Amino acid sequence: MPVLTYVWILPLLPLLGAAANGIFGRGWTKGVVTGVALSSTTLAFLAALELVREFVALPPDQIPWTKSYFMWISAGGFRADFALLVDQLTVVMLLVVTGVGWLIHIYSTGYMHDDPGYRRFFSYLNLFMFFMLLLVLAANYLLMFVGWEGVGLCSYLLIGFFFLRQSATNAGNKAFWVNRIGDFGFILGVLLILRTFGTLDFATVLPRAAAMPAEPAGQAGALTWIAILLFVGAAGKSAQLPLYVWLPDAMEGPTPVSALIHAATMVTAGVYMVARSHAIFLNAPMAMEAVAVVGCVTALFAATIGLVQTDIKKVLAYSTVSQLGYMFLACGVGAFSAGVFHLMMHAFFKGLLFLAAGSVIHAMGGEQDMSKMGGLRKKIPWTFWTMFMATLAIVGTPGFSGFFSKDEILNETQNVSMTLWALGVLTAGLTSFYMFRLLFLTFFGSNRFDERKVHVHESPRNMLAPLVVLAILAVGGGWMAAPHLWGGVNYFEQFLAPVFATSGRVVMPKDDLVVDPGRDLLKALAGAPVIVGLLGFLLAWWFYIRSPKTPKKLATSLAATYKLLSGKYFVDELYAAVIVRPLVWISDKVLWRVVDEGVIDGTVNAVARVSEEAGDKLRYASTGNIRTYAAWILVGAVVFTSLLLWMAG
Amino acid sequence: MVPTSYYLVLSAVLFGLGVVAFIFKRNIITIFMSIELMLNAVNLAFVAFSRALGQLQGQVFVFFVIVVAAAEAAVGLAIIIVIARNRGTLNVERVDSLKH
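If you're matching them up, the sequences are chains A and B in order.
For the first sequence, the working numbering assigns the number 1 to the initial residue and increments by one for each residue that follows.
For the second sequence, the working numbering assigns the number 1001 to the initial residue and increments by one for each residue that follows.
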């Protein structure tokens, strides 16, 4: 079992790629840089496949497979190892990260081809893969935190990739700062875990947390606080209310980065972390409620903003925030495997949507405004068809991946709260509307750009191939959960069950329920989410194909609402007024002028001035005249001798 | 027998003369002589104590001091001659090229 024994190979491969390109690649040609970057990710993907093959053959009592490579920290009673853990949840994440990451690397070789920062881009991208793999493989919270911070760093570097653009560097800074808030919550949660359990190893903490009694509502104990703090971290990384503001701005980065980091992998790290800590969350009902409510409200909130955005990437960004809300909703109602399932499906279809959007932007020569596109369907058919598949998947068309994952989440929510379910269904309708709006504005209707200036062209093959592969996954990926519909087994849930079973929550045995396969199937196919999705589609069709004047009329008749939505609820302005500006004011007027210049600089300057003055006075004693010195020696001798005599006498 | 205190008083007077001359005189040869005077004042005190206590160590010290003083005289006089040749003066106040 070579790969399972040496799991560290997996993260090491992209790290080597990043180091080779970043440190030694200065004089290398584009071909060599591409070779290094692609081979490292390809090998990582192959290693992940081999790992899955070995993992499946493992006897159940050896799962979770934990391997400690060396002692990392030992301080007093605290000990943390460089240890990696592989279980079913890790396997899912590994496949998503290496698989989608690999496809996006291939795509990037086309998309970034003419960029002067080509080598830097791939170095960062490989480095990101390293940290992401470390995050999902870590066997304790501390090592996970290393990966967590690392992906944040790479996200910052890649958002600000076009660093000559002021808005890009600002967006990078914003992402970094907002994530700081979340990471602070995360590290506090980790410290509280250490205080409560005395260790940070998943293998010890989670069973012990599962064995603790559930904390009753209204009585926040250690578990509730840990769960809340961890969720603050997750909300920062996964862009949930109120920390979501960085993700839409992160679209300043190159489009493959938006696909890989800000759609498929990094932003789902929060969901992964909550799912990993399920044992803690399940015994903290108040925290669970918070997760569910925040997730659901975020899903709805972001979807409404997405309705009116005109930048193709911004729509997708708000859509990502919204879909992440679904995942947290799933976690909050205890359906962790449904959340992870949606995570995986989302990685496929949202990664594809971003890549296709990148292909559109590429075709339009850098234009991102949908109001200046239109009628591209015939000109870039491959991009259109793959994006169409992804849209069908995300809106939950029966048979496509989003249908299985989203409906499962909504089904599970129905068992917990009808209000959350209703909001979730409403969001599904909004999703359908804004996605078809995007599709219609971009690919249908008449072209609203100057054809003499913009030479629309289909992307090269190395960009289209990943689109096609992802489209196949986005269409077919959901079928492993499908048999559930006609009373069979949800293979995905069954695969993940051992992970979530350790928490004591038994996956509901299906044979207890009276199953009527035909009725269930009908219910799923004609259920509320599907109907609402269809309504969204029809509305979008009416607005943007049938009578394209309606949106403008509606925008003027509902001016206030439109302004609120297109202004993104003015959350950025609110934060600027309440948090950013006061902070800047205090930093400028108090911390800089008073504390820094007054206290710190003042102390240092005072010490220097005293020394200078004293030296200035004392230097008159050093005349350089040997006889003066002799006189001083004499005086000293006389004083000293008389002192001795006086003391002796 | 002459009491020890007489010798010590003479020694102190000679030493004091040496110190005063060292501090106030400007001629480099006079300063040099005042150093010799101080050394010999100390020698006198040594010998006086040696005789009073009936021990020989004091006299041995004196020989050391004489040897050192002789060596010092050889080196010091050579330096003085060089100074006198190069600068044409024996006034120590003028020998200050390091200061300026």
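No residue lacks a Cβ here, since even glycine has one placed at the ideal position from N, Cα and C.
All of these numbers come straight from a predicted model, not from anything done at the bench.
query                                                                                                          : result
Near-chain A residues of the stretch 1058-1070 of chain B - C-beta to any C-beta below 8 Å                     : none
Closest residue to A:M370 among A:L194, A:M389, A:G445, A:A330 (Cα-Cα distance)                                : A:G445
Classification of A:Y124 by the beta-carbon crowding that lies within 10 angstroms, buried from 16 upward      : buried
Interfacial residues, the stretch 1006-1023 of chain B to chain A, with Cβ spacing under 9 Å                   : V1019, F1022, I1023
Three-pair Cβ contact test at 8 Å for the stretch 371-388 of chain A versus the stretch 316-333 of chain A     : no
A:M364 - DSSP class collapsed to helix/strand/coil                                                             : coil
Minimum C-alpha distance to A:I228 - residue among A:F543, A:G478, A:A292, A:A363                              : A:A292
Alpha helix (DSSP H) runs wholly inside the stretch 1013-1089 of chain B, at least 4 long, in chain order      : 1028-1053, 1057-1087
Reduced DSSP category for A:I545 - H, G, I as helix; E, B as strand; rest coil                                 : helix
Residues bridged to A:S459 (per DSSP)                                                                          : DSSP, once it has assigned bridges, lists no residue as partnering A:S459.
Within chain B, the residues that A:G624 reaches when beta carbons sit closer than 8 Å                         : D1096, L1098, K1099
Bridge-paired residues (DSSP) for A:L84                                                                        : A:K67, A:A138
The alpha helix (DSSP H) enclosing A:R581, as first and last residue numbers                                   : 581-585
Beta-carbon proximity check, A:V297 vs A:G236, cutoff 8 Å                                                      : no
Chain B contact residues for A:A621, given Cβ-Cβ distances below 8 Å                                           : Per Cβ cutoff of 8 Å: no residues; A:A621 is ~15 Å from chain B at best.
Alpha helix (DSSP H) segment containing A:M373, residue limits                                                 : Run containing A:M373: none; DSSP gives neither H nor E here.
Residues bridged to A:F78 (per DSSP)                                                                           : A:A75
Member of A:A275, A:F500, A:W102, A:S587 whose CA lies at the smallest distance from the CA of A:S40           : A:W102
Proximal chain B residues relative to A:A631, where beta-carbon distance stays under 8 Å                       : I1023
Which of helix, strand or coil DSSP assigns to A:D311                                                          : strand
Residue burial classification, A:A559 (beta-carbon count within 10 angstroms, cutoff 16)                       : exposed
Cutoff 8 Å: A:L634 Cβ touching any chain B Cβ                                                                  : yes
Buried or exposed (CB count within 10 angstroms, at least 16 for buried), A:T265                               : buried
Beta-carbon proximity of A:I193 to A:Y272, cut-off 8 Å                                                         : no
Identity of the residues DSSP links to A:D654 by a beta bridge                                                 : Examination of residue 654 of chain A is not possible in this model, given that chain A is present from 1 through 649 alone.
Outcome for B:V1067 when other beta-carbon atoms lying within 10 angstroms are tallied against a minimum of 16 : exposed
DSSP state of A:S503 mapped onto helix, strand, coil                                                           : Bear in mind that the predicted position of A:S503 carries a pLDDT of just 49, short of 50, making it unreliable; the figure below should be weighed with that in mind. Note: A:S503 maps to coil in three-state DSSP.
C-beta atoms of A:L206 and A:E215 nearer than 8 Å                                                              : no
Per DSSP, the bridge partner or partners of B:N1091                                                            : B:N1027
Residue-level contact to chain B via CB, A:R627, 8 Å cutoff                                                    : yes
Spatially closest choice to A:L300 from A:D81, A:L241, A:M364, A:R593, by CA coordinates                       : A:L241
Beta-carbon spacing of A:L247, A:V267 below 8 Å                                                                : yes
Rounded straight-line distance, which links the Cα of A:M129 to that of A:A338                                 : 25 Å
Residue burial classification, A:K30 (beta-carbon count within 10 angstroms, cutoff 16)                        : exposed
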